[in-house]
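S.K.:
2 protein chains.
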Amino acid sequence: MNDRSEQWQAAERLALTLIEGGLQRMSARTLAVFLFTDQDSVTAGEIADQLDASAGSVSGAIKSLLTVGLIERLPAPGSRREHYRLREDAWATLFTSQNTVIQAMLQAAAAGIAATEEGDPARRRLTEMHGFYEFLLGELPALLHRWHQQNG
Amino acid sequence: MNDRSEQWQAAERLALTLIEGGLQRMSARTLAVFLFTDQDSVTAGEIADQLDASAGSVSGAIKSLLTVGLIERLPAPGSRREHYRLREDAWATLFTSQNTVIQAMLQAAAAGIAATEEGDPARRRLTEMHGFYEFLLGELPALLHRWHQQNG
DNA sequence: CCGACATTTCAGAAATTACTGAAGAGTCGG
DNA sequence: CCGACTCTTCAGTAATTTCTGAAATGTCGG
Chain A
1 MNDRSEQWQA
11 AERLALTLIE
21 GGLQRMSART
31 LAVFLFTDQD
41 SVTAGEIADQ
51 LDASAGSVSG
61 AIKSLLTVGL
71 IERLPAPGSR
81 REHYRLREDA
91 WATLFTSQNT
101 VIQAMLQAAA
111 AGIAATEEGD
121 PARRRLTEMH
131 GFYEFLLGEL
141 PALLHRWHQQ
151 NG
Chain B
1001 MNDRSEQWQA
1011 AERLALTLIE
1021 GGLQRMSART
1031 LAVFLFTDQD
1041 SVTAGEIADQ
1051 LDASAGSVSG
1061 AIKSLLTVGL
1071 IERLPAPGSR
1081 REHYRLREDA
1091 WATLFTSQNT
1101 VIQAMLQAAA
1111 AGIAATEEGD
1121 PARRRLTEMH
1131 GFYEFLLGEL
1141 PALLHRWHQQ
1151 NG
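From first to last, the protein sequence lines are chains A and B. FYI, the numbering for the first sequence is 1 to 152, going by this note's numbering. FYI, the numbering for the second sequence is 1001 to 1152, going by this note's numbering.
(1) May I ask which residues mark the beginning and end of the alpha helix (DSSP H) holding R13/A?
(2) Kindly indicate which three-state DSSP category R1124/B falls into: helix, strand or coil?
(3) Helix, strand or coil for T100/A per DSSP?
(4) Note the first and the last residue of the continuous beta strand (DSSP E) segment covering E1072/B.
(5) For the structure I just gave you, are there three or more beta carbon pairs, one from the region 121 to 133 of chain A and one from the region 1084 to 1091 of chain B, closer than 8 Å?
(6) For T1030/B, which of helix, strand or coil comes out of DSSP?
(7) Would A1061/B and T1030/B qualify as a contact pair, given that the criterion is a beta-carbon distance under 8 Å?
(8) Assuming Y1133/B contacts A1109/B under a Cβ cut-off of 8 Å, what Cβ separation, rounded to an integer in Å, is found between them?
(9) Under 9 Å Cβ-Cβ, which residues of chain A neighbour V1101/B?
(10) Could you check if S27/A is buried or exposed, using at least 16 other CB atoms within 10 Å of its CB as the buried criterion?
(11) Let me confirm a value: A11/A is counted as buried when at least 16 other C-beta atoms fall within 10 Å, else exposed. Which label applies?
(12) Helix, strand or coil for H83/A? Go by DSSP, reduced to three states.
(13) In the region 1127 to 1143 of chain B, which residues sit with their C-beta less than 8 Å from some C-beta in chain A, listed in chain order?
(14) What in chain B is Cβ-close to G112/A, meaning under 8 Å?
(15) Listing by chain order, which chain B residues have their CB less than 7 Å from the CB of R125/A?
(16) Terminal residues of the continuous alpha helix (DSSP H) containing Q1050/B?
(17) Return the first residue and the last residue of the alpha helix (DSSP H) that G1119/B is part of.
(18) Are there 16 or more other CB atoms within 10 angstroms of the CB of Q39/A, so buried, or fewer, so exposed?
(19) Strictly under 8 Å for the Cβ-Cβ distance: is T1116/B near chain A by that measure?
(20) Which chain A residues sit within Cβ distance under 7 Å of P1121/B?
(21) My understanding is that I102/A touches L137/A, with C-beta atoms under 8 Å, so please give their C-beta distance in whole angstroms.
(22) Could you have a look at E88/A and say whether DSSP puts it in helix, strand or coil?
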């Protein structure tokens, strides 16, 4: 028990959960490798081996994980291969990326309000929607601040 | 300006944003109709007309919106057709549905921790992940409570 | 500079997801 | 009860997304 293959299974299950959460399939599986590896950093080739996936798809996954800030490229450790690892604040970052969605919702609601007339029931609904996402956008920074304090 | 076709465009743009946020295409477009209609309630047929989609796909979308609690079926208004409308707390509900994802993350992390040994770097990473989602799960109810207070 | 190796890019293939259309089930008015 | 109308279900199809494989690019050691 508690051997590597059990960890691998747990990693694949976690990847499925990440997919539920909105990540793309290959990005999720790649992120799971970053979580479950017993090394400090991994290379694209190692990930491809572990996942039995093509170098191409791993390259794409790494690119997108870098873009959203979940992983980081390590200062070249003398090798020809690039090394990557999970960033310290990866989870807060993943959660924060929701803010983008919230802002888009806010703007969409505002656009809808602008397109409706006073007294149209649609305007009332869109105003409620706008109010909620405005509230959220205001609360999330404080929430993350509390996390960083509590977490040290 | 501010005519119906402009509203329709705004509705389709909002649908795209909802898709970004994780809804399925048809559910998102249907929800947009519920937001932008100038009626108090709409029927499946009206939605199908508005979206130029088949009755089947609208039926599926309504079913899923009902399931997650974003819309409600109205007490039969004497007509043969079913009437639906956006629920009052739809946006809070949509946001709350994230909690399910958070709990799944928490469990996935716990499973990973159980599968790793003391001293494995993977265990440290998984413990951090677990801590973050535990924090989130604790904060969200309070956040929604603040919303309901402020909102009345 | 050159050779070897790792990564990236991208067009095409595979797999998944979403929609349609038609048949069936349910329901209301008459 | 019957007929008309609406909604639901589901198999097939269409569209989209995702992955692969090979060629191109980049980089390091020598």
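By construction, the Cβ of each residue, glycine as well, lies at the ideal position given by its N, Cα and C atoms.
M.R.: Well, looking at it:
(1) Counted from its first residue, the first sequence places residue 13/A at position 13. R4 to E20 is the extent of the alpha helix (DSSP H) around R13/A.
(2) Start at 1 with the first residue of the second sequence, and residue 1124/B comes out as number 124. Here R1124/B sits in helix by DSSP.
(3) Locating residue 100/A in the first sequence gives position 100, counting from the first residue. Reduced to three states, the DSSP call for T100/A is helix.
(4) The count along the second sequence starts at 1 and reaches residue 1072/B at position 72. Run containing E1072/B: I1071 to R1073, per the beta strand (DSSP E) assignment.
(5) Short answer: they touch.
(6) The residue you call residue 1030/B lines up with position 30 of the second sequence. Helix, per DSSP.
(7) Locating residue 1061/B in the second sequence gives position 61, where the first residue counts as 1. Locating residue 1030/B in the second sequence gives position 30, where the first residue counts as 1. Result yes, Cβ atoms of A1061/B and T1030/B sit closer than 8 Å.
(8) For the purposes of this step, residue 1133/B is identified with residue 133 of the second sequence, where counting begins at 1. For the purposes of this step, residue 1109/B is identified with residue 109 of the second sequence, where counting begins at 1. That belief holds up - the Cβ atoms of Y1133/B and A1109/B are roughly 7 Å apart, short of 8 Å.
(9) For the purposes of this step, residue 1101/B is taken as the residue at position 101 of the second sequence. Here the neighbours are T17, E20, G21 and G22.
(10) Numbered from its first residue, the first sequence carries residue 27/A at position 27. Residue environment: S27/A is assigned as buried (16 or more neighbouring CB atoms within 10 Å of its CB, all protein chains considered).
(11) Taking the first sequence and counting its residues from 1, the one referred to as residue 11/A is at position 11. Buried, because 16 or more other Cβ atoms sit within 10 Å of the Cβ of A11/A.
(12) Translated into the one-based positions of the first sequence, residue 83/A becomes position 83. Note: H83/A maps to coil in three-state DSSP.
(13) Only those residues of the region 1127 to 1143 of chain B whose C-beta falls short of 8 Å from the nearest C-beta of chain A are listed: E1128, M1129, G1131, F1132, Y1133, F1135, L1136, E1139 and L1143.
(14) Here residue 112/A corresponds to residue number 112 of the first sequence, with the count starting at 1. Here the neighbours are Q1007, A1010, A1011, L1014, L1035 and F1036.
(15) By 1-based counting over the first sequence, the position of residue 125/A is 125. Listed by position along chain B, the residues whose Cβ is nearer than 7 Å to that of R125/A are L1035 and L1086.
(16) By 1-based counting over the second sequence, the position of residue 1050/B is 50. From DSSP, the alpha helix (DSSP H) with Q1050/B extends over A1044 to L1051.
(17) For this step, residue 1119/B is matched to residue 119 along the second sequence. That residue, G1119/B, is in no alpha helix (DSSP H); it is neither H nor E in DSSP.
(18) The residue given as residue 39/A occupies position 39 in the first sequence. Exposed is the label assigned to Q39/A, since fewer than 16 other Cβ atoms lie within 10 Å of its Cβ.
(19) As a working mapping, residue 1116/B is identified with position 116 in the second sequence. T1116/B counts as touching chain A.
(20) As a working note, residue 1121/B is residue 121 in the second sequence. Near P1121/B (Cβ distances below 7 Å), the residues of chain A are D38 and D40.
(21) Here residue 102/A refers to the residue found at position 102 of the first sequence. Here residue 137/A refers to the residue found at position 137 of the first sequence. About 5 Å; that satisfies the 8 Å criterion.
(22) Taking the first sequence and counting its residues from 1, one reaches residue 88/A at position 88. Residue state, collapsed to three classes: coil.
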